[in-house]
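Q: Everything in the sequence shown is counted per this note's numbering, starting at 16 for the first residue and increasing by one. Below you'll find the structure I mean.
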Amino acid sequence: MSETINPQPQPQPPRTPGTLQAEARDETAGPVEPSGSPRPGRKGRRTVRVRRVHRAWFVAAVAFVTIIGGAAFNSLPGLLIDPLHDEFGWSRGEIGFAVSIDMALYGLTAPFAAALMDRFGIRKVVVAALGLVAAGALLSVWMTASWQLMLYWGLLVGLGTGSMALAFSATVTNRWFVQRRGLVTGILTAAGASGQLVFLPLCAWIVDEHGWRPASVTVALAALVVVPFVWLLLRDHPADVGLAPYGGEYVPKPEPARGAARRTVRVLLDAARTGPFWLLAGSFAICGASTNGLIRTHFVPSAHDHGMQITAAASLLAVIGVFDVVGTIASGWLTDRFEARRLLAVYYALRGVSLLFLPMLLAPTVHIPMIFFIVFYGLDWVATVPPTLALCREHYGADSAIVFGWVLASHQVGAAVVAFLGGVARDVFGSYDVVWYASGALCAAAALMALVIRRNVPEAAASAA
């Protein structure tokens, strides 16, 4: 008589969420052979795998919109120099000095903002910064004296925009991305140009039709509208949502870094002992002088001096923003593939050549050579940022965001000097020609400085790998 033997049940491994999802997929696909292919004669539905977009890209998108909203104020100074001069009788040098305070504080705040983000988190710092921008823009509606212009435009807006400067982009990129850092840096840098593209024509039309005060209110509202997006959607670190950074491995969220100001100064003192820091800071100061300080502040009034309508000049500046987006993203792509210092040298040399030709191109109407300049200059506008940030990362590692903040400070100091001196030159000489020529020569010097920067071979090899 045969005896039936019942085998003992084997212990099953724990059912984790991952195994439950796998079982659900197996049930959907139908029975499978050991080889993994469906059994013959059985009709099973094909499993469709949906590849989810990494959360890092959504964080980058929120940062992009935030920078656009905070950068709206940057559209105003060039548009309001003539209206403020006409209404209050302030000299262009006085107005340029207020703009220079804004630009200097923008730069000097940036390195401390990077450290504050390490201490208090990105969201809190950025929301406070947007509030300062909105307050400065709104209060300027009631100003009657030039010192108020310096307080509202210079102090409040400078502190606010500085806290959302490129150090914000560097912090987001360093925390959320391991791969595609150059590309993301280019995209976030292009956000400032996108804000210029959106707000310059709008603010120029408002100034022409309704005066400068409604334009200032528009900028304040743009900053406030962004606040809910930042608070609800931005996250400080991938570990906050249980993720690894894009292209990297999971790392726990570090403890808040205390002593933000002390750390920022210490990083500056350490970096100041190295040659690459001074070469990067010097070349980036010339970058700021030839972009924010020169074109963004003085292009519209200079074109108006030659008989061009303010709206037409502002539209040309907005077109620079269009090609700036293309050029900066392309520069980020190139930075992932080519040596950063050589890219910088090419960018500065081409910019210097274009500025030398600008005085001959200004005219009452827009013509083909001027359009060519706008396209060419737009592609080069802030294409310098991705390779500069890459060089900071290559030489200074974990402190690169703060070091870049100090390099950005030099960028804004250069911009502040030219914003002020450009207005003084216009008051003294009656034109901006000498400023264009001097800036072109400075760009040639920046190209040489970029080539002198030595390469940090171990770091460069690691990043290439």
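Glycine included, each C-beta is placed from N, C-alpha and C at the ideal position.
Compare the C-alpha of F391 against each of A413, L365, P379 and name the closest.
A: F391 has its Cα closest to that of L365, out of A413, L365, P379.
Q: Assuming V450 and L248 form a contact by the criterion Cβ under 8 Å, report the distance between their Cβ atoms to the nearest whole angstrom.
A: With a Cβ gap of about 42 Å, V450 and L248 do not count as contacting.
Q: For H225, is the classification buried or exposed, using 16 other Cβ atoms within 10 angstroms of its Cβ as the cut-off for buried?
A: Label assigned to H225: exposed.
Q: Starting from H100, trace the alpha helix (DSSP H) both ways and give me its first and last residue.
A: Residues 92-103.
Q: Run through DSSP, which three-state label would F112 get?
A: Three-state DSSP puts F112 in a helix.
Q: State buried or exposed for H426, treating a residue as buried only when at least 16 other CB atoms are found within 10 Å of its CB.
A: By the 10 Å Cβ count, H426 comes out buried.
Q: Considering A238, what are the terminal residues of the alpha helix (DSSP H) in which it resides?
A: It spans 227-248 - the alpha helix (DSSP H) in which A238 sits, taken as one unbroken run.
Q: So, at 7 Å on beta carbons, what are the nonlocal neighbours of A150 in its own chain, with the 5 sequence-adjacent residues on each side left out?
A: The answer, listed in chain order, is L171.
Q: With H, G and I counted as helix, E and B as strand and the rest as coil, what does DSSP make of Y261?
A: Y261 falls in the strand class under three-state DSSP.
Q: Would you list the residues sitting across from F192 in a DSSP beta bridge?
A: Per DSSP, Y261.
Q: Helix, strand or coil for V361, going by three-state DSSP, please let me know.
A: Reduced to three states, the DSSP call for V361 is helix.
Q: Taking Cβ positions, are V465 and L359 nearer each other than 8 Å?
A: The identity of residue 465 in the sequence shown is Ala, whereas the question assumes Val. In this structure, L359 lies closer than 8 Å to A465 by Cβ.
Q: Compute the Euclidean distance between the alpha carbons of R228 and H100, then round it to the nearest angstrom.
A: So the alpha carbons of these two residues sit roughly 14 Å apart.
Q: Between M132, V193, V68, W105, which has its C-alpha nearest M165's C-alpha?
A: Of the candidates M132, V193, V68, W105, the one whose C-alpha sits nearest the C-alpha of M165 is W105.
Q: Could you give the uninterrupted runs of the alpha helix (DSSP H) lying entirely in the segment 369-443, keeping only those of 4 residues or more?
A: Listed in chain order, they are 383-395, 400-411.
Q: What residue range does the alpha helix (DSSP H) around Y452 cover?
A: Per DSSP, Y452 belongs to the alpha helix (DSSP H) from 448-467.
Q: Could you compute how far the alpha carbon of R196 sits from the alpha carbon of W162?
A: Taking the straight line from one Cα to the other gives about 42 Å.
Q: Take the Cβ of L284 as the centre, count every other Cβ of all protein chains shown within 10 Å, and call the residue buried at 16 or more, exposed below.
A: So L284 ends up on the exposed side.
Q: What do you get for E264, buried or exposed, if any count of 16 or more other CB atoms within 10 angstroms of its CB means buried?
A: E264 should be labelled exposed.
Q: Quick check on the DSSP output: the alpha helix (DSSP H) that includes L349 runs from which residue to which?
A: Where L349 is concerned, the enclosing alpha helix (DSSP H) stretches over 325-350.
Q: Tell me whether R57 is buried or exposed, calling it buried when 16 or more other Cβ atoms sit within 10 Å of its Cβ.
A: With a pLDDT of only 47 at R57, under 50, the local geometry of the prediction cannot be trusted, and the value read off the model is given with reservation. Its Cβ having fewer than 16 others within 10 Å, R57 is exposed.
Q: Could you check how far apart the C-beta atoms of A304 and V432 are, in whole angstroms? I think they sit under 8 Å.
A: 6 Å between Cβ atoms; contact.
Q: With DSSP as the reference, label D117 as helix, strand or coil.
A: Here D117 sits in helix by DSSP.
Q: In the DSSP assignment, the alpha helix (DSSP H) including P253 goes from what residue to what residue?
A: Neither: P253 is in no alpha helix (DSSP H) and is coded neither H nor E.
Q: Tell me which residues share the same chain as A205 and place their Cβ nearer than 6 Å to its Cβ, disregarding the 5 neighbours each side in the sequence.
A: Same-chain partners within the cutoff: V340, T343, I344.
Q: Would you report the Cα separation of W421 and G201, rounded to the nearest angstrom?
A: Cα-Cα distance, rounded: 19 Å.
Q: How big is the Cα-Cα spacing for M375 and S298?
A: In a straight line, the C-alpha of M375 is about 26 Å away from that of S298.
Q: With burial defined as no fewer than 16 other Cβ atoms inside 10 Å of the residue's Cβ, what is the status of D251: buried or exposed?
A: Per the 10 Å Cβ criterion, buried.
Q: Would you check if the segment 103-122 and the segment 328-336 touch, i.e. whether three or more CB-CB distances between them fall below 8 Å?
A: As far as the Cβ criterion goes, the segment 328-336 does not touch the segment 103-122, which means the pair count is below three.
Q: By Cβ distance below 6 Å, which residues in the same chain neighbour P267 in space, the five residues on each side in sequence not counted?
A: Answer for P267: A254, listed in chain order.
Q: Please classify A300 as buried or exposed, where buried requires at least 16 other C-beta atoms within 10 Å of its C-beta.
A: It counts as buried.
Q: Can you say whether W246 is buried or exposed, counting buried as having 16 or more other CB atoms within 10 angstroms of its CB?
A: With fewer than 16 Cβ atoms within 10 Å of its Cβ, W246 is classed as exposed.
Q: If I follow the unbroken alpha helix (DSSP H) through V266, where does it start and stop?
A: Here V266 belongs to no alpha helix (DSSP H), and DSSP marks it neither H nor E.
Q: Would you call D442 buried or exposed, if buried means 16 or more other Cβ atoms sit within 10 Å of its Cβ?
A: Exposed is the call here.
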